[in-house]
Amino acid sequence: FGLKSLRFAKALKAGHVFTVEPGIYFIPELIDLWRERHVHDDFIVWNEVEKWRDFGGIRNEENYCITAQGPRRLGTKVKPKTVSEVEAIIAK
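Have a look at this one:
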């Protein structure tokens, strides 16, 4: 973290470019460790996590540029946003 990082929550200005990359990753070794140690048991439904154990993960990365008019997403390709859209791609 720090001044070099957006995680520091510094003000964005025209000309700044940044990436938004939400993702989820299922790492079997960490699943086993957290389950054994009861990490976040109040929030995790372990039986549901097990269904995704071998999935790996997915990340949706998009780049934005701050302009004088506000943020502008870079690129023209439309990415899947819904579960059914992602599943359709995976099924190919």
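For the sequence shown, the residue numbers in this note's numbering are 17 to 108.
Every residue gets a Cβ at the ideal spot worked out from N, C-alpha and C, and that includes glycine.
Residue i vs residue j beta-carbon contact at 8 Å
i: Gly91; j: Tyr41; result: no
i: Ile47; j: Val36; result: no
Neighbourhood of residue i by C-beta, 6 Å cutoff - its chain only, sequence neighbours within 5 removed
i: Arg88; result: Cys81
Among the options, the one whose alpha carbon lies nearest that of residue i
i: Glu115; options: Val55, Thr83 and Phe71; result: An answer regarding residue 115 cannot be provided, because it is not within the stretch 17 to 108 covered by the chain.
i: Thr98; options: Leu49, Asn76 and His32; result: Asn76
i: Val94; options: Phe59, Ala84, His56 and Glu78; result: Glu78
i: Val33; options: Ile106, Ala84 and Ser100; result: Ala84
i: Leu189; options: Pro38, Trp62 and Gly39; result: In the structure as shown, the chain starts at 17 and stops at 108, and residue 189 therefore has no counterpart that could be examined.
i: Trp68; options: His56, Glu52 and Ile43; result: Ile43
Proximity test, Cβ basis, 8 Å: residue i and chain D
i: Asn63; result: The chain inventory of the structure shown lacks chain D, comprising one protein chain alone.
Identity of the residues DSSP links to residue i by a beta bridge
i: Thr98; result: Its beta-bridge partners do not exist; DSSP assigns none.
i: Asn79; result: Thr35
i: Arg88; result: Cys81
i: Ile106; result: Beta-bridge pairing links Ile106 to no other residue.
i: Ile74; result: Ile40
Beta-carbon contacts of residue i that lie in its chain and below 7 Å, excluding the five residues immediately before and after
i: Pro96; result: Val102 and Ile105
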